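Since the structure comes first, as structure tokens, the remarks are kept for the end.
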Amino acid sequence: MTHTLHRQGTYEELKEDFIVLVMSAKWFNDKGAAPKLAEALKILNKYSPVNTGDMTQASMYRAGFGIKPVEKLLQGCHDRSIFHGVYTDLETVKKVVDELKAADLGMSVVISGLYNEVKKITRPHTVNLSIGIWGKTELLPKHEEVLKICTMCGHQFVSRHLVMKLAQDVKRGRITAEEAAEVMAACCSCGIFNPVRAIKLVNQLIQKI
Amino acid sequence: MYINPAKCVACTHCVPYCPTSAIQIVSEAGRTFAKIDEDKCVECWICYRVARCPKDAFEPTPPEKMPFVRRLKFFFASATAVWPETGMAGRGTEEMKTNDVTGRFKFGEIGFALDMGRPTGVGVRVSDVEKMCKAIAPYVVFEMENPVTKLLIDPKTGEVRSPELRNVYLLSAVVEAKTSKELAPKVLEIVREVSKELNTVISVGLVCRVKPDGEPEAYEVLRQVGIEPRPNMKINIGLGKPFVGWE
């Protein structure tokens with residue numbers, strides 16, 4: 275379940291892309307975890323994430339939410355909820371982590387992002403590191419922006435064809451880059467897609483197509 | 670997934686949403702409509718859930734009523750569905766995300782997370798997953814809670830349970846295993862060689878503990894085989910309880 279690991283981008287681009295994940299551990303501390311996870315979601319939400327969601331429910335962008343997304347997620351929170359918050363700067367991540375530490379919820383917290391940056395704000399315990407994409411890489415999209423956008427949803431729900439179609443719509447003036455990013459974010463079911471970064475990448479992509 | 674041809678007006682709105690290009694516009698018996706290529710369809714339901722057909726032509730089969738192969742595709746594509754066998758949402762396990770509590774990965778151990786078929790909807794056939802599993806099986810211990818491991822007849826051999834599985838096309842499959850730090854370079858070399866023979870891509874990840882000086886233990890392995898890690902990682906920061914400890 276390495277859905278946040280293989281995000282592509284330069285070091286500078288990835289400085290604007292951090293995900294904080296909170297979850298319980300099956301058989302260890304999941305019984306009665308729901309209130310702690312709900313508290314964690316409130317903390318994630320307090321610092322205005324650009325996306326949020328529960329892997330077992332949906333993201334804030336997923337179509338069909340009739341009420342405020344976080345309230346909906348809180349209503350559906352359960353012992354095995356896996357909450358995410360996406361942030362665009364390390365300073366905010368530090369505030370989130372400091373508050374999660376102070377709350378002492380006992381839930382596992384994982385930050386997905388630049389190791390050398392995250393190390394500055396907290397001590398790492400275990401890591402999952404990426405060593406790249408191997409195999410028949412000629413099957414990957416030819417535009418690096420498409421790869422960068424698509425890997426922001428590790429479950430591959432943001433189609434490369436949709437990215438190209440939306441970029442063409444932006445180029446033709448039918449929609450804005452912001453609207454394109456919202457459609458892409460709605461494809462990502464667990465709320466780890468970074469729409470702010472996507473807007474920048476769409477604007478770069480339209481210069482090439 | 671099924672598109673009702675009587676409702677579809679071939680507007681093509683849904684076509685780009687499909688990560689694996691499984692939706693085609695066809696003409697049959699004087700009508701033009703969108704049709705699902707059942708082989709390429711991985712049952713991710715993005716077309717149904719997100720594209721939102723203006724004619725309501727998409728008619729998914731509930732997973733409990735799906736034939737076995739379609740159900741397999743569905744669970745290997747869904748991020749939210751909870752596997753009946755593992756109790757986990759998604760395609761893998763908790764792996765290192767709860768390692769501060771479970772202690773699943775210890776110092777001296779290297780975990781492998783081979784995301785086969787990722788990224789960008791390349792997808793993977795089970796036959797390719799089996800090739801990889803068979804190649805690394807002598808040197809690793811597969812994660813027993815992982816959905817791929819559940820497909821194997823014997824984790825010691827890496828062989829899949831049934832020949833009919835081999836041709837099944839999945840959105841992705843995460844092979845999860847671990848080995849000793851000493852054997853890890855050999856496993857990496859095997860993965861690198863096997864990946865050249867496959868008709869797919871693999872997003873390769875390693876899991877390890879972080880030494881007191883802040884260096885991930887896997888760096889020693891990567892130096893031996895001459896591979897640079899990417900700068901971004903998933904980082905468990907040790908807030909879970911009961912805590913297994915830093916050392």
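From first to last, the protein sequence lines stand for chains W and U.
The first sequence: position 126 = 400 (the working numbering), numbered continuously.
The second sequence: position 194 = 863 (the working numbering), numbered continuously.
Note that CB positions come from ideal geometry on N, CA and C, so glycine has one too.
Fair warning: this is a prediction, and the values are worked out from it, not measured in the lab.
Secondary structure at residue i, three-state DSSP: helix, strand or coil?
| i | result |
| --- | --- |
| S864/U | helix |
| C680/U | coil |
| A675/U | coil |
| V738/U | helix |
| E799/U | helix |
| Y838/U | strand |
| I483/W | coil |
| F743/U | helix |
| V810/U | strand |
| M785/U | strand |
| V711/U | coil |
| R471/W | helix |
| V817/U | helix |
| V856/U | helix |
| E764/U | helix |
| P881/U | coil |
According to DSSP, what are the bridge partners of residue i?
| i | result |
| --- | --- |
| E697/U | R700/U |
| N402/W | V876/U, K903/U |
| L388/W | N901/U |
| W408/W | I871/U |
| D823/U | E828/U |
| E778/U | S849/U |
| S382/W | M297/W |
| D328/W | F357/W |
| S333/W | G327/W |
| R721/U | Answer is none; R721/U lacks a bridge partner. |
| I705/U | I692/U |
| R794/U | Y838/U |
| F727/U | I672/U |
Roughly how many angstroms separate the alpha carbons of residue i and residue j, rounded to a whole number?
| i | j | result |
| --- | --- | --- |
| K825/U | V798/U | 15 Å |
| P807/U | G792/U | 26 Å |
| E712/U | A748/U | 12 Å |
| H277/W | A460/W | 16 Å |
| I407/W | C427/W | 15 Å |
| E419/W | I896/U | 24 Å |
| E313/W | V294/W | 14 Å |
| R721/U | K346/W | 21 Å |
| D304/W | T762/U | 15 Å |
| Q282/W | K850/U | 27 Å |
| K310/W | V476/W | 37 Å |
| W301/W | D443/W | 48 Å |
| L288/W | T730/U | 39 Å |
| V370/W | G327/W | 16 Å |
| C710/U | A703/U | 13 Å |
| A675/U | A451/W | 35 Å |
| E828/U | E858/U | 20 Å |
| P881/U | G465/W | 33 Å |
| E812/U | L891/U | 22 Å |
| G359/W | F781/U | 26 Å |
Between which two residues does the alpha helix (DSSP H) containing residue i stretch?
| i | result |
| --- | --- |
| L318/W | 308 to 320 |
| M297/W | Note, M297/W: premise wrong, no alpha helix (DSSP H); beta strand (DSSP E) at 292 to 297. |
| R717/U | Per the sequence shown, the amino acid found at residue 717/U is Tyr instead of Arg. No alpha helix (DSSP H) contains Y717/U, which DSSP labels as neither H nor E. |
| M438/W | 434 to 445 |
| Q893/U | 887 to 894 |
| I423/W | 418 to 424 |
| N768/U | 768 to 771 |
| E452/W | 451 to 461 |
| L348/W | 343 to 349 |
| V371/W | 364 to 377 |
| L288/W | 285 to 288 |
Beta-carbon of residue i versus every beta-carbon of chain W: anything under 8 Å?
| i | result |
| --- | --- |
| P816/U | no |
| P807/U | no |
| Y686/U | yes |
| K704/U | no |
| E763/U | yes |
| C677/U | no |
Using a C-beta cutoff of 8 Å, does residue i count as contacting chain U?
| i | result |
| --- | --- |
| F467/W | no |
| H429/W | yes |
| V392/W | yes |
| P398/W | yes |
| Q331/W | yes |
| V383/W | yes |
| E287/W | no |
| L364/W | no |
| M275/W | Caution applies to M275/W, whose pLDDT of 47 falls short of 50 and renders its modelled position unreliable; the model cannot decide the point. |
| G387/W | yes |
| V371/W | yes |
Taking residue i as part of the beta strand (DSSP E), name the residues at either end of that continuous run.
| i | result |
| --- | --- |
| A842/U | 842 to 849 |
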